[in-house]
Structure formats: C-alpha cells, structure tokens
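Enquirer: Let me give you the structure first, and then I'll get to my questions.
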Amino acid sequence: MSASATLRRTSGSRLRGTYWTTVRLHRAVLWTGLALVIAAAAVAVALRVSAQVFPEKQLNCIGACPDTFLGFASASVLLETFADFFAVALLFLPLLIGAVVAGPMIARELESGTYRLAWTQSASPARWLATKLAVAAIAATALVLPLVGIFQFLRAPFTGPVNRGWVQRGVFEAYGPVLTAYCLLAVAIGALVGLLVRRTLPAMAIAGVVSLSMPMAVGTVRWDVFPVSTLTGTGAGRSAGTMAIGRDSFLMQSGYVTASGDRLPYDACWQRTHHFDKCPTDLQITSWYIDFHPHSHFWWVTFAETAIMLALAAAAAWAAFRLLRRSAV
437 MSASATLRRT
447 SGSRLRGTYW
457 TTVRLHRAVL
467 WTGLALVIAA
477 AAVAVALRVS
487 AQVFPEKQLN
497 CIGACPDTFL
507 GFASASVLLE
517 TFADFFAVAL
527 LFLPLLIGAV
537 VAGPMIAREL
547 ESGTYRLAWT
557 QSASPARWLA
567 TKLAVAAIAA
577 TALVLPLVGI
587 FQFLRAPFTG
597 PVNRGWVQRG
607 VFEAYGPVLT
617 AYCLLAVAIG
627 ALVGLLVRRT
637 LPAMAIAGVV
647 SLSMPMAVGT
657 VRWDVFPVST
667 LTGTGAGRSA
677 GTMAIGRDSF
687 LMQSGYVTAS
697 GDRLPYDACW
707 QRTHHFDKCP
717 TDLQITSWYI
727 DFHPHSHFWW
737 VTFAETAIML
747 ALAAAAAWAA
757 FRLLRRSAV
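In our numbering, the protein residues as written are 437 to 765.
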C-alpha cells in the first residue's frame with residue numbers, strides 16, 4: 437500500500453472518529469430530542485383520533501357551552517388549543533439549541549480543558565469546531581423537521597380554503613423552512629458565544645437569549661418591513677374593498693384619502709357620522725385605501741427571511757472560526 441493511500445485512510449478514520457466521539461459525548465441530549473419527537477407524535481395521533489371518535493356534543497348552544505371532553509367543549513377544541521400551544525412552543529427550539537451548543541458542546545470543553553486532548557491527538561482546532569457544528573446542525577435539523585411535520589398534522593383539520601392563521605407567531609415559522617433556518621442560526625450563535633464566554637452556564641444563558649430574540653424580534657416587524665399590496669377605490673365605500681381583498685388576507689391598514697392626498701384613519705367618518713361609509717363633505721374625501729398582505733406574500737416573506745437567517749448563520753460560523761484561529765487557548 438502506498439504512503440498516500442495510507443495517509444488518506446488514516447485521515448478518513450480520524451475524521452469519522454471525531455464525529456463518533458462527539459455523538460457519543462452528547463448522546464444523552466440526542467436521545468432526549470428523539471424522545472421528545474416520539475412523545476409529541478404520540479400525543480398528536482391521540483388527539484387527532486379523539487377528535488374523530490368523540491365529535492362535538494354541544495352544537496349551537498346558547499351562552500357558554502358546557503365542558504364535554506377533558507375540560508374542553510369537545511375533542512376538536514382540545515386539538516385546536518394544543519396545536520396553538522405547540523406552535524408557540526416551536527419558537528423556543530432556537531433557545532434550547534443555542535444553549536446546548538454554547539454550553540455542553542463548546543464552553544464546557546474549554547472550561548474543563550478536555551479540548552486539549554482532542555486537539556493534540558485526533559483533530560486540529562478547526563476540525564474540532566467543524567465537527568461540533570456539523571453534528572449540531574444535523575441534530576437540530578433532524579429535530580425540527582419532524583416537530584414541524586407533527587404541528588402541520590395537528591393543524592390539518594383547521595386549514596381549508598380560507599387560512600387566516602398563516603401570519604400568527606409560530607404558525608408562520610412552522611410552514612416552510614423558516615424555523616429550520618432559525619435553528620441553524622442558533623447552532624452558529626451557540627458556537628460563537630461558547631468560544632467567547634468559555635464558561636458553561638453563562639454561555640448557555642447568553643446563547644439561549646440571543647437565539648430566542650431573533651425570531652421574536654423579526655416576528656414583530658416582519659409584516660411592517662415587507663412591502664404591502666394596496667387596494668384603492670373612489671368615494672367612501674371602504675367596506676366593499678375590505679371584502680374584495682379576500683378573507684385569507686392580512687389587513688395592515690385602511691382608511692380614506694382626501695383631495696389633498698392626505699390619508700385619514702379608517703374611523704375618521706365614524707367619529708363624525710357613526711357610519712364608516714358616510715363621510716362629511718368638509719373632510720373632502722375622494723377615495724379609500726386598504727394596505728394588506730395577500731396569502732401569496734407568505735412564500736415571498738418565507739424565502740426572504742430564510743435567506744437572511746442562513747446568511748447570518750454563515751456569518752456567525754465564520755466569526756467563530758476566526759475567533760478560534762486568533763485566540764490563544
């Protein structure tokens with residue numbers, strides 16, 4: 437066997453060894469993630485079956501409907517409520533992933549000094565970090581994709597031709613690749629914070645907060661930043677326009693336009709006439725407007741947000757490698 441072949445074989449075995457060592461070192465976290473997916477799937481199937489086996493018993497009840505299924509009006513109501521809470525819970529996945537990567541995977545080894553064994557015997561610092569990032573990214577993707585599928589399975593009975601919930605927090609992130617991008621960003625943030633802080637608990641806290649703040653902050657301004665569609669019409673008949681935009685559209689702002697081009701709020705006429713479509717002549721209203729996001733904007737916003745988060749993840753990973761190369765450990 438030639439020397440070059442021997443070198444390639446040794447390098448390949450060493451590379452596989454670093455991945456295997458990382459997986460074994462963090463197998464408890466990986467098994468916990470698998471158990472979480474299995475438990476969520478079992479609950480989802482049980483709730484879907486219950487919603488079909490135990491239909492609503494009270495229909496068209498006057499006033500408050502009595503509880504009929506585990507404290508809820510029906511099994512279907514319980515299913516819908518659980519799906520809403522599940523959507524919110526998905527937003528906390530970046531927090532958990534960022535904290536795990538920053539603390540147990542990176543900072544703990546730097547704090548305890550066990551990284552020296554890996555760097556001197558099996559892998560260079562760059563390969564050590566690359567292995568950590570690769571294992572964390574694969575594990576995060578393997579966790580989030582089944583959970584997203586479970587959420588969509590839970591919510592399937594409540595999505596029809598008119599889907600009004602697509603702009604909600606958690607629901608938006610769980611349809612399409614956005615949530616996966618946030619989790620990959622959390623991996624990169626966790627690695628960078630772990631290298632900066634080098635103490636397990638502080639690194640976990642900082643990385644978790646930063647990773648969670650990203651989807652929360654973007655979700656606050658998401659629909660204000662993306663350009664809206666505008667529907668206009670002459671006169672003061674804004675109510676007809678509200679119906680024309682479609683029931684699955686997301687209304688941002690509506691009102692009236694005066695002869696001078698100024699915009700008035702939607703209740704400008706109501707305050708004077710107690711009628712939305714009857715306006716005083718002194719307001720000089722010439723037309724109405726409605727700013728909204730049609731359902732077609734969902735995929736445009738999804739892909740734009742995903743691209744931005746992946747770019748930030750790449751930048752954070754690059755910064756982590758630069759920091760590792762420059763730091764004197």
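Even for Gly, the Cβ is constructed at its ideal location relative to N, Cα and C. Every value quoted in this text rests on a predicted model; they were computed, and no experiment measured them.
1. Using a 10 Å radius around the Cβ and a threshold of 16 neighbouring Cβ atoms, would you call I574 buried or exposed?
2. Does the distance from the C-beta atom of V524 to that of R634 stay below 8 Å?
3. CB-CB under 8 Å to A740, same chain, minus the five flanking residues each way: which ones, in chain order?
4. How many Å lie between R533 and V607 at the Cα?
5. In chain order, what residues of the same chain lie with their CB nearer than 7 Å to the CB of T550, ignoring the 5 residues before and after it?
6. How about F505 and F521: are their beta carbons less than 8 Å apart?
7. When you compare only the Cα positions, how much space is there between G469 and I744?
8. Decide yes or no for the touch test of the segment 562-573 against the segment 624-632: beta carbon pairs closer than 8 Å, at least 3 of them.
9. Near S685, which residues of its chain fall below 6 Å by C-beta distance, leaving aside the five closest residues on each side in sequence?
10. Find the nearest neighbour of P638 within the set S560, L461, I542, A566, judged by alpha-carbon distance.
11. Does P527 come out as helix, strand or coil in the three-state DSSP assignment?
12. For the structure I just gave you, are there three or more beta carbon pairs, one from the segment 710-720 and one from the segment 578-598, closer than 8 Å?
13. From the DSSP secondary-structure annotation, give me the bridge partner or partners of H729.
14. Thinking just about the alpha-carbon of each residue, which of V646, R563, L615, A562 is nearest to the one in F587?
15. Taking the alpha-carbon of L565 as reference, which of A747, W735, T458 has the nearest alpha-carbon?
16. Apart from the five residues just before and just after L514, which ones in its own chain have a Cβ nearer than 7 Å to its Cβ?
17. Mapping DSSP to helix, strand and coil, what is W724?
18. If we ignore side chains and look at the alpha-carbon of each, how far apart do S763 and L631 end up?
19. Within 10 Å of its beta-carbon, does S647 have 16 or more other beta-carbons around it, so buried, or fewer, so exposed?
20. Give the straight-line distance between the Cα atoms of G682 and A704, rounded to the nearest whole angstrom.
21. What does the alpha-carbon distance come out to for the pair P701 and W724?
22. Based on DSSP bridge pairs, tell me the residues matched to Y692.
23. Taking S665 as the reference, give the member of G655, W736, V479, T636 with the closest Cα.
24. Keeping to the same chain, check which residues put their C-beta closer than 8 Å to that of S486; ignore five residues upstream and five downstream.
25. Using DSSP with H/G/I as helix, E/B as strand and the rest coil, what is G549?
26. Under three-state DSSP, which class holds G606?
27. May I ask you to report which of helix, strand or coil DSSP gives F662?
28. Please report the distance separating the alpha-carbon of M640 from that of G539.
29. So who's on the other strand from L667, going by DSSP bridges?
30. Residues in its own chain within less than 7 Å of T694 by CB, not counting five upstream and five downstream?
Expert: Answer, in terms of the structure:
1. exposed
2. no
3. F662
4. Just to set this straight, residue 533 is Ile in the shown sequence, not Arg. Their backbone Cα atoms lie some 20 Å apart in a straight line.
5. none
6. no
7. 27 Å
8. yes
9. F728, P730
10. I542
11. One point to set straight first is that residue 527 is Leu, not Pro, in the sequence displayed. Coil at L527, not helix or strand.
12. no
13. F686
14. L615
15. T458
16. L483, F505, L506, F508
17. strand
18. 9 Å
19. buried
20. 24 Å
21. 10 Å
22. L700, W724
23. W736
24. F505, A511, L514, L515
25. coil
26. coil
27. coil
28. 5 Å
29. I726
30. L700, L719, Q720, I721, T722
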